[in-house]
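Those protein sequences? They're chains A and B, same order as listed. Note that the working numbering has the first sequence beginning at 348, numbered continuously upward. Note that the working numbering has the second sequence beginning at 16, numbered continuously upward. Cβ coordinates follow ideal geometry from the N, Cα and C atoms, glycine included.
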Amino acid sequence: MTNTYATIAIVDDDDSIRHALRQLLRAADFDALTFATAEDFLRSGECAHVDCLIADINLPGMSGVALVQAIAASGSAVPVVLITARDDPATLDLIRRAGPVPHLHKPFSDDDLFDAISRALAA
Amino acid sequence: MALACVGVALGVSLALERVADAATMFLAAVMAATWFCGTGPGLTAAVVATVVFEYFYIPPFHTLDVGLENLPRVAVFALTALLMGTVSGVRRRAERVLRQARDELDEKVRERTVSLRRSESLLAESQRQSHIGSWALNPVTLDYYRSDEAARIFGYDPGAPKQPFDEVFARIHPADRPSIEQEFATSIAARRDMEYEYRYVRPDGSLRHLQTLGHPVRDERGELVEYVGTILDITERRQAEEALQKTQAELAHVTRVMTMGEIAASIAHEVNQPLAAVVMSGNACRRWLLADPPNIAEAREAVQRIISDGNRASQVIGRIRALLQKTAPQQASLNVNELIQETLMLTRAELARHEVTVQTALRADLPRAVGDRIQLQQVLVNLILNGADAMSAIADRPRVLTVRSQPRDGGVLVDVQDTGVGLSAAEPDRIFQAFFSTKPHGLGMGLSISRSIVEAHGGRLWATPNDDGRPGATLHFTLSPRGDP
């Protein structure tokens with residue numbers, strides 16, 4: 348991994364996912380910050396400091412896609428990877444509206460995850 | 016007046032001494048006085064006329080002396096005058112009573128006419144507003160009466176001459192006419208009440224739904240005289256019913272699809288979350304173990320997470336299983352014939368739209384079956400509507416859907432027979448495959464789901480070509496006596 352010590356923010360309302368993802372990122376030499384909601388993440392002000400954001404699409408309150416749009420609107424260029432456990436029409440529609448953002452369906456392999464992170468960081 | 020009459024009589028008889036008989040003139044005077052003035056003046060006139068008659072015409076003239084020889088003549092005159100006065104009086108009174116009675120009668124008739132005319136116009140108005148017409152029919156001569164509104168309902172000008180009964184009858188929609196003809200004949204033969212609903216084509220080509228109610232009228236000997244009844248235009252009501260049923264059916268379909276999609280998405284989500292966590296923790300664990308040196312503490316923590324997320328996934332599966340058990344078929348004792356009748360009623364609008372005639376042959380000695388009413392109704396709806404669909408392209412023969420029920424091996428056998436396009440000879444069972452559909456908008460799930468439901472009830476669902484030689488297919492299903500598989 349060439350991005351050693353890059354800091355990645357995780358926004359997911361599911362405790363297991365948050366912890367497992369943080370563990371996996373740490374095992375791959377990333378630093379990871381976790382947030383349960385999009386609002387928590389925006390309030391933390393970490394948006395300006397993290398190198399990448401992994402956000403669940405189906406969040407309580409502000410959705411992951413709305414978060415992507417809010418970040419873009421604030422002028423931040425932080426790269427984003429969207430993840431979701433759903434593939435219903437409403438979710439697919441949200442993904443389409445998010446534009447050209449890499450997205451992964453849970454459960455995903457770690458190769459797919461790190462590919463997406465690499466592409467996001469390179470963009 | 017009495018005196019005037021006698022005076023006139025005297026004047027006239029003096030003037031016409033040679034022509035008229037004086038006695039007749041005086042008697043006429045008495046009659047006139049009685050006639051115009053009543054009995055009292057009449058009797059006065061009789062007395063005065065007797066005196067004057069004696070004075071002028073009984074010798075010796077111009078005296079009131081009555082010689083013995085003239086006494087009978089004067090007496091006869093006096094009696095005749097009195098009698099005439101009395102008779103005329105009686106007659107006058109009788110005439111007056113009669114005239115009074117006639118006047119009263121006239122007045123009553125006038126009043127009745129006014130009230131009749133009012134109730135007639137009220138009836139016409141209420142018929143016009145409620146679209147109810149009335150009619151009377153002689154079942155032998157087929158001569159009939161119809162109200163203005165009845166004429167309008169049949170599409171005719173109420174002012175125009177009546178059409179022959181046959182001509183009106185022939186306007187019943189060809190699909191309904193044979194059955195109405197038969198029921199009409201049966202009602203009359205049995206002197207039974209009539210109650211028919213049918214489609215009717217007006218002379219201008221518009222299609223109406225009509226309801227006819229009729230009641231036999233008998234004379235005192237019990238002989239049928241005529242039928243009287245009403246004709247009601249129920250087109251709007253029927254259209255509203257059809258729209259409602261269509262909306263309900265669409266809603267039910269959408270709800271079913273939504274529910275299935277939502278349940279599937281929700282299951283996927285609930286199971287995918289812990290599975291995703293397991294996969295990530297597994298990958299993390301492998302990375303900690305492959306590190307140099309391996310980080311056993313982190314690896315152990317990752318394995319701990321794998322175990323707990325694995326347990327969580329299994330709990331999700333357990334919850335779903337519990338949920339499915341709650342919605343498992345409800346076992347209840349069912350009258351299958353009732354269920355068939357009920358389902359035919361539910362699908363009536365759809366069958367009418369496809370111009371399908373329904374026949375039933377339901378055995379009264381059918382045993383009760385055990386099962387889930389809603390699910391079995393779903394099966395019947397599917398089979399009936401599939402039958403109707405299979406006939407929608409048929410134009411060269413009647414579209415007839417026949418539903419039969421009969422006891423079979425202690426359970427129930429139901430046949431739904433159509434006269435439609437029939438089955439593929441090579442693969443008659445292919446229609447039961449999921450997602451196989453001959454319909455442009457069909458999901459191809461109906462028969463597949465129906466077969467699952469029937470089998471869950473311990474029965475079988477299969478299809479055969481019609482065994483009575485008619486083109487088309489028959490779908491059969493059985494239900495075991497206790498509903499056990």
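Worksheet item: Once you ignore the five residues that flank residue 289/B on each side, which residues in its own chain have a CB closer than 6 angstroms to its CB?
Response: 324, 327 and 328
Practice prompt. For residue 368/A, go through chain B and note every residue whose CB falls closer than 7 angstroms to its CB, in chain order.
Written response: 295
Fill in: Sheet register partners of residue 150/B (DSSP bridge)
161/B and 244/B
Worksheet item: Rounded to whole angstroms, how far is the Cβ of residue 91/B from the Cβ of residue 81/B, which I believe are closer than 8 angstroms?
Response: Rounded to whole angstroms, the Cβ separation of residue 91/B and residue 81/B is 12 angstroms, and the two are not in contact under 8 angstroms.
Worksheet entry | Residues of its chain near residue 376/B, where Cβ-Cβ distance is below 6 angstroms and the 5 sequence neighbours each way are ignored | 419
Discussion item. So, with DSSP's three-state summary, where would you put residue 436/A?
Written reply: helix
Worksheet entry | Candidates 69/B, 86/B and 295/B, of which the one nearest residue 373/A by Cα | Minimum Cα-Cα distance from residue 373/A among the listed residues 69/B, 86/B and 295/B corresponds to 295/B.
Worksheet item: Between the Cα of residue 229/B and the Cα atoms of 286/B, 152/B and 157/B, which residue gives the shortest distance?
Response: Comparing C-alpha distances from residue 229/B to each of 286/B, 152/B and 157/B shows the shortest one belongs to 152/B.
Discussion item. Considering just the uninterrupted stretch of the alpha helix (DSSP H) at residue 366/A, what are its terminal residues?
Written reply: 362-374
Worksheet entry | Whole-Å CB distance - residue 468/A paired with residue 403/A, under 8 angstroms assumed | Not confirmed; about 19 angstroms, so no contact.
Discussion item. Here's a check: name, in chain order, each residue in its chain whose Cβ is nearer than 6 angstroms to the Cβ of residue 360/A, leaving out the five neighbours to either side.
Written reply: 383, 406 and 407
Practice prompt. Answer yes or no: do residue 256/B and residue 367/B have a C-beta to C-beta separation smaller than 8 angstroms?
Written response: no
Worksheet item: Which chain B residues are close to residue 375/A, counting only those with a beta carbon under 7 angstroms from its beta carbon?
Response: 302
Worksheet item: For residue 402/A, which of helix, strand or coil comes out of DSSP?
Response: strand
Worksheet entry | residue 123/B burial status per 10 Å Cβ neighbour count (16 or more: buried) | exposed
Worksheet entry | 8 angstroms Cβ cutoff met for residue 413/A and residue 385/A | yes
Discussion item. For residue 249/B, tell me which candidate among 213/B, 115/B and 77/B has the shortest Cα-Cα distance.
Written reply: The candidate whose alpha carbon is nearest that of residue 249/B is 213/B.
Discussion item. From the DSSP secondary-structure annotation, give me the bridge partner or partners of residue 232/B.
Written reply: 241/B
Worksheet item: At which residues does the alpha helix (DSSP H) containing residue 375/B begin and terminate?
Response: Unbroken run through residue 375/B is the beta strand (DSSP E), 372-377; no alpha helix (DSSP H).
Worksheet item: When you compare only the Cα positions, how much space is there between residue 242/B and residue 410/B?
Response: Pairing residue 242/B with residue 410/B, the inter-Cα distance amounts to about 38 angstroms.
Discussion item. Just verifying my parser: in three-state terms, what is the DSSP assignment at residue 60/B?
Written reply: Here residue 60/B sits in helix by DSSP.
Discussion item. Contact defined as beta carbons within less than 8 angstroms: I believe residue 286/B pairs with residue 331/B. What is the distance between those atoms, to the nearest angstrom?
Written reply: 5 angstroms
Worksheet entry | Contacting positions in the region 320-333 of chain B - beta carbon closer than 8 angstroms to chain A | 320, 323, 324 and 327
Practice prompt. Please check if any C-beta of chain A sits within less than 8 angstroms of the C-beta of residue 312/B.
Written response: no
Practice prompt. Count the other CB atoms, across all protein chains shown, that sit within 10 Å of the CB of residue 84/B; report buried if there are 16 or more and exposed otherwise.
Written response: exposed
Worksheet item: Could one say the Cβ of residue 426/A lies closer than 8 angstroms to chain B's Cβ atoms, at least one of them?
Response: no
Discussion item. Buried or exposed, going by whether 16 or more other CB atoms sit within 10 Å of the CB of residue 160/B?
Written reply: exposed
Worksheet item: Residues in its own chain within less than 8 angstroms of residue 358/B by CB, not counting five upstream and five downstream?
Response: Excluding positions up to five away in sequence, the list reads 392, 395, 396 and 399.
Worksheet entry | Closest by C-alpha distance to residue 416/B, when choosing among 140/B, 405/B and 425/B | 405/B
Discussion item. Applying the 10 Å Cβ sphere with the 16-neighbour rule, what's the burial state of residue 69/B?
Written reply: buried
Item to complete: Please list the partners that residue 290/B has in chain A, where partner means a Cβ-to-Cβ separation under 9 angstroms.
Response: 432, 453 and 454
Discussion item. Alpha carbons only, please: which of 422/A, 380/A, 371/A and 370/A is nearest the one belonging to residue 355/A?
Written reply: Considering only alpha carbons, the answer is 380/A.
Worksheet item: On the three-state DSSP scale, how would you describe residue 209/B?
Response: In this structure, residue 209/B counts as strand in the three-state DSSP scheme.
Worksheet item: What's the call for residue 137/B, buried or exposed, on a 16-neighbour Cβ count within 10 Å?
Response: exposed
Item to complete: Please list the partners that residue 317/B has in chain A, where partner means a Cβ-to-Cβ separation under 7 angstroms.
Response: Using a Cβ-Cβ cut-off of 7 angstroms, residue 317/B is close to 370 of chain A, given in chain order.
Worksheet item: Is it the case that the Cβ atoms of residue 292/B and residue 363/A are separated by a distance below 8 angstroms?
Response: Result yes, Cβ atoms of residue 292/B and residue 363/A sit closer than 8 angstroms.
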